[in-house]
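> According to UniProt numbering, the residues represented by the sequence shown are 1 to 1110, in order. Yeah, the Cβ is synthetic: ideal placement off N, Cα and C, and Gly gets one too.
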Amino acid sequence: MYIPLLTIFGVVMWLTYFPPQINEYKDEIVTWLEAATGFHAEIGRLKLALGPSLLTLQAHGLTLTHPQAGAEPVARVRLATLRLAPRSWLSNPRHIPLELTLVEPRFNVARSELGNVWVGNLPLAVWRAEGAAAQVEPYLGESWVNEWLNRLAVAIVRVESGVMAWSDAFITGEPDAPFTAQMQLRAIKVWNPLSPKPVAEMDGVTWMPASGDESLRPIQISGRAERATSGRWRLQAAVGGARVAHMAPYVAQIPPLRELHAPLDVAASLALGGGEPWNAQWEARIGTGSLTWKPTFRWPFPIQQLRARGTAQQDAPGKGWSLRADAFRYRGDGDLFAKGLFSVSGLGLKSAPILDLTATAGGAPTGIVNRFYPVTYMNPNLVNWLDTRLKKGGVSHATARIRGPVDRIPFHRPSANPKQEIFRIQGMIHNVDVSYFPGLPPIGDAEVILTFDKQVMTAEVKHADWGSSKRVRGVVRIPHILNGDQTVEVDARCRADIGGVWREVIANPKLRWDKRVALNGSDFSGQGEMKFLLTLPVNRLDDAQYDVSLRIDQADIRPNFLDAPLQRVTGLLHADNQSMTLSDSSALYKNRALALDLTADAYQNPGATDLSVNLATHFITDELRDWLAPALQPGKGALTGSIPARLSLRKRPKQKDYAISGSFNLDGLSIAGKHLLYKPRGEPASWSFDGALDVTGEKVTLARLKGQVGSLAFSGSADWAYGRNRGGLLLDKLKYGRNNGALSIQAALDKAYAPQRIAVNMDWRVLDLSHWLTRTLGDSTSNAPTSSSASSASRPAKSAIAAKPPPEITLHIVADETILANDKRARDLEAQGELRENRLSLPRASFSLDDASAMLRGSFAWKEQWANGPYTGDLFFTSGNLGQLLDALGLSDSLQEDEAQLEFKLEGERPLGAPLFDSLSGQGDLLITKGSLRQVSSLSSLLGLFSLQKLPNLLMGDRPDLESNGFYFETLSGGLRLSDGALFSDQGVTLTGPSLKIVVSGEANISEDRLNLLVGARPLQTLDAIVSKVPLLGKLVAGERDAVLETQFGVTGPLRDPKVRLKPMSAIAPGIIRDILHSNPNAPDSETDAEDARERLLDTVNPNAAQRRE
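1. Which value, in whole angstroms, describes the spacing of the CA atoms of K863 and M855?
2. Name the residue from P644, N108, Q220, L730 whose alpha carbon lies nearest to the alpha carbon of G662.
3. What are the partner residues of F714, as DSSP defines its beta bridges?
4. Apply the 10 Å Cβ neighbour rule to D1057 and answer buried if 16 or more other Cβ atoms are within range, or exposed otherwise.
5. Could you check whether the stretch 332-340 touches the stretch 348-365, counting it as contact only if at least three pairs of C-beta atoms, one from each stretch, sit closer than 8 Å?
6. Beta-carbon within less than 7 Å of S161's beta-carbon, same chain only, minus the 5 sequence neighbours each way: which residues are those?
7. Could you give the first and the last residue of the continuous beta strand (DSSP E) run that contains R651?
8. So N822 and D887 are in contact, right, with Cβ under 8 Å, and what is the actual spacing, rounded?
9. DSSP on G115, reduced to helix/strand/coil?
10. Is there contact between the stretch 903-915 and the stretch 869-878, where contact requires at least three CB pairs shorter than 8 Å?
11. I'd like the span of the beta strand (DSSP E) that includes W207, first residue to last.
12. Measure the alpha-carbon distance for L996 versus A1017 and round it to whole angstroms.
13. Measuring alpha carbon to alpha carbon, tell me which residue in E421, P410, V406, A398 is nearest I449.
14. Since I believe S222 is in contact with M202 (beta carbons under 8 Å), could you give me their beta-carbon distance rounded to a whole number of angstroms?
15. What residues match up with H66 in a beta bridge as DSSP calls it?
16. Relative to the C-alpha of M208, which residue among S921, S195, F179 is closest?
17. State the DSSP-derived secondary structure class of Y25, mapped to helix, strand or coil.
18. For R324, does the three-state DSSP call read helix, strand or coil?
19. Starting from R724 and walking both ways along the alpha helix (DSSP H), at which residues does that stretch end?
20. In three-state DSSP terms, what is E899?
21. What are the start and end residues of each continuous alpha helix (DSSP H) run of 4 or more residues lying completely inside the stretch 338-391, in chain order?
22. Which value, in whole angstroms, describes the spacing of the CA atoms of A593 and A616?
23. Counting C-beta neighbours from all protein chains within 10 Å, is the total for R389 16 or more, i.e. buried, or is it exposed?
24. Note down the Cα distance separating L875 from S985, rounded to an integer number of angstroms.
25. On the criterion of 16 or more Cβ atoms from any shown chain inside 10 Å, does A132 qualify as buried, or is it exposed?
26. Looking only at its own chain, which residues have a Cβ that is under 6 Å from the Cβ of A507, when we skip the five neighbours before and after it?
27. Nearest chain B C-beta to G273 closer than 8 Å, yes or no?
28. Counting C-beta neighbours from all protein chains within 10 Å, is the total for R724 16 or more, i.e. buried, or is it exposed?
29. What do you reckon, are the CB atoms on L669 and R681 nearer than 8 Å?
30. Does the stretch 437-445 come close enough to the stretch 400-415 to have 3 or more Cβ pairs within less than 8 Å?
31. For Q455 and D356, what's the separation of their Cα atoms in angstroms?
32. With a 10 Å radius around its C-beta and 16 neighbouring C-beta atoms as the bar for buried, classify T229 as buried or exposed.
33. On the criterion of 16 or more Cβ atoms from any shown chain inside 10 Å, does P684 qualify as buried, or is it exposed?
34. Pull up the distance between the alpha-carbon of L632 and that of P915, whole angstroms please.
35. Below 8 Å CB to CB, which residues in the same chain sit around A271 once its five sequence neighbours on both sides are set aside?
36. Around the C-beta of P418, are 16 or more other C-beta atoms found within 10 angstroms, so that it is buried, or is it exposed?
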């Protein structure tokens, strides 16, 4: 054994100092090399040189080619060296180990568009099948040389400064434009390359694509490969400083790596070969940079650091390969972080790979949420709209879940398997302001869960404030953020400030929903629980849909159609675009309790509106007492109880008019009134109406009016054109006690400050005035001052006079039969009157009574204010039977069979609130002819001393029978004066008859039931005529007077029973005697003394009278 070694050592030493011309053995070396490598080999020149292993065989210009004919070289090597490998020899002494070094080799590897890998110009499959089996003819030399050559083995292969050119048409899909790159093989070492378990190491290998991007630098690759006996390789590699652009085509299918702009360090362990799919484990670290993923991120997403680890593997045949990150952790600006896992399957196929991502994040301010908008697919208007929706606050926690084909993210297009596609990003945002629509109050200080689910954006508000409303919760949703026409949906609940909601939402200038419901200008205040649904197209505000439910606790509402607010309103209000309902509601209107139910369908379309309004309330007697006071007895007990009332309004579709109706239940009302107005509690009574409201024509028509209260019953119709301020009332059936007829009222107001014109027409079959005429003297209850000073004090100041003029009223009354006092009946009553500009005119009033006619005309004019203050007027009355008229008027039954004429000029002043009759003042004349007086108790007392039939009866003391026969007179005339309702006769009223002449002067105050009259009587007018013909006798008896006998009386006291007393200075006696009495110092100074003087005078004239008295 030692001899050969010494021999070899000697040979080596000899060859070292005396190198042979080894090039002569080139063919033998080539033959051996082909046998050792399986390739055809060509060598340009051989050289034996001294080196670290003593002798090194150098082959310059080495070319290796596949043995298949026509193959191109696999590699061209500038220099190949072969030397001994002593370390390997020691481990295996039976072989002579050699170390083969390839210096600056160049390899060409390519992949076709079909996915086949070519080495040189042959597919890799050919190399695998034929390369290892290629053999050459054995060396035919001497046996010992052949033996030594056969013992030579390549134990180590080194590659230094090599270049591998890579061309890939499969990844680009274009044969004429493949992806190309170049790998610098600076140091590669392979142990036992031809053994079953070769081992390779890479160090200093770089990769550089031929992209022309000067910003790229070659990336460093290092690793180790080892083959197991099973034929499966295990490769460990590390890449430092890589950029996605270095291998852009290969990561284009791996989102989000394809848009990563940051340095990447990767370490991987790969197992492949052995007839099994390859698999790998990897770990990566990404440095400072950004990630741009348009479907997910709006702008480049900043990265401070990202670490990930996972696996990769070849899937089933035809399924490509998959990449999985079992964990990744991201750190961004500030406190932003994210972590999770993802997988990408179906890589390496023509179809898009499938991404499955699960991640959590947090620490982000609200302002960066807009980075996650999928702006590639979103409407730009919506993007701009969302940019200003979220303010303040931060994202404390967020989750992301994405699954599906990467080319369909965010899965907004229709899919055959929509359930298999997931795109959901959800974050919890604290203390954020959500502005969902410009101009509307934001949802403030909110806890919001913001979710992007495919093309649906949802903001779930856990709690927040909404303008002035509190405890807001609900959802703001955009169901299609990726379509061209986005819509915002709001589903919210809150403790609502009703006033704030009305002003900030309903009456918002950009929405003006208050105009849609015809409530613009209204105002609301109060609290309630509200549910608010809103569908708001961003680009079509007019198509907004809403659904509002409001449970009103306590609110004040001032609608634009009421003159006072609705207070303490409760109820449930529901409104949407098609209908509005108000139920279970109650309120106070001017302190009156109301209950209201309202239903309105299609209320925004006037032609299709179906509206129903029902109102219930109660009228209390305190509200009606002052209004009905003129018809009631004094005292609060005259009107008691309450009046339930129900009003309804209905409008059906395609009907322009609103049907209106109302009913008032008067059963519980108790009325103690005047003039037959009486109703006990519990007696059935009601008032109702039905009609129509024409909003377009601004007119109300009541086709039916019907009522029954006590002895009052009526039915009829009414209409009022409120747009033109004119209308009328027609009661075609009107009964009140014995009154039976019809009433018509027409009113019109043409201008705002013009007087209202009213025409009143009464057509009575029976008109009962008996109750009005049955008046007990002195029943006036007026306490109004009557003196001129008091009148002035009671006059209202001019500043208090209403600026609006009083109405102009015309009155026409016709009555077939008129019931007067004492059951007297008048026929054919007709009266006309007019009130215009503070002037009341009665052109004519006429009627017939027992075939005698009567007529009245006159006028009244107030200088300052209607019915109050200074006035003037005139009155003219004529009657063919005044006695019957006075009897029918209930004034007197003492006058009959006479004609009368009365004319007055009026001028005075009526104090505010005083009865008109008590305020009358003026001057007038009275003339009554050919009548008689009877049943006048005061006149009987007055003429108790005289016989109106014969003078002897007077002298004998007989009294006339006025009660049965009456007193006939030819004329009753004189001047009268009225002063504040009191009647005066300053010049005297003269009653002239055949045997008596009476002159009356003084005051008769009917309102105060008081008389204060001075009555002068001149009986025996025939005797006066005889005496006046004898001058001496007349001088003696009558003195300077025209009458022989004259007496005066005082009449005082109440009208029905006055006291009549003889005046002290007057007696029935001749003038001379009266003169004596006047000059007698002992003349009577009292009425009793006057009576005694009268008795003595009668005794002187007729002694027999004294005897009879005795």
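In brief:
1. 27 Å
2. P644
3. G707, L734
4. exposed
5. yes
6. V103, E104, R186
7. According to the sequence as given, residue 651 is Lys; it is not Arg. Residue range 642-651 is occupied by the beta strand (DSSP E) that includes K651.
8. 6 Å
9. coil
10. yes
11. 199-209
12. 7 Å
13. A398
14. About 6 Å separates the beta carbon of M202 from that of S222, a gap short enough to meet the 8 Å contact definition.
15. BP columns for H66 are empty, so no partner.
16. F179
17. helix
18. strand
19. Per DSSP, R724 belongs to no alpha helix (DSSP H) and is neither H nor E.
20. strand
21. Complete alpha helix (DSSP H) runs here, min 4: 380-387.
22. 8 Å
23. buried
24. Those two C-alpha atoms are separated by around 18 Å.
25. Caution is warranted here: a pLDDT of 43 is assigned to A132, below 50, making its placement in the model unreliable, and no coordinate value can be reported.
26. D514
27. This model lacks chain B altogether, as it is built from one protein chain only.
28. So R724 ends up on the exposed side.
29. Taking 8 Å as the Cβ cut-off, L669 and R681 qualify as a contacting pair.
30. The stretch 437-445 is not in contact with the stretch 400-415.
31. Taking the straight line joining both Cα atoms gives about 18 Å.
32. exposed
33. exposed
34. 17 Å
35. R232, W233, R234, L235, W278, N279, A280
36. exposed
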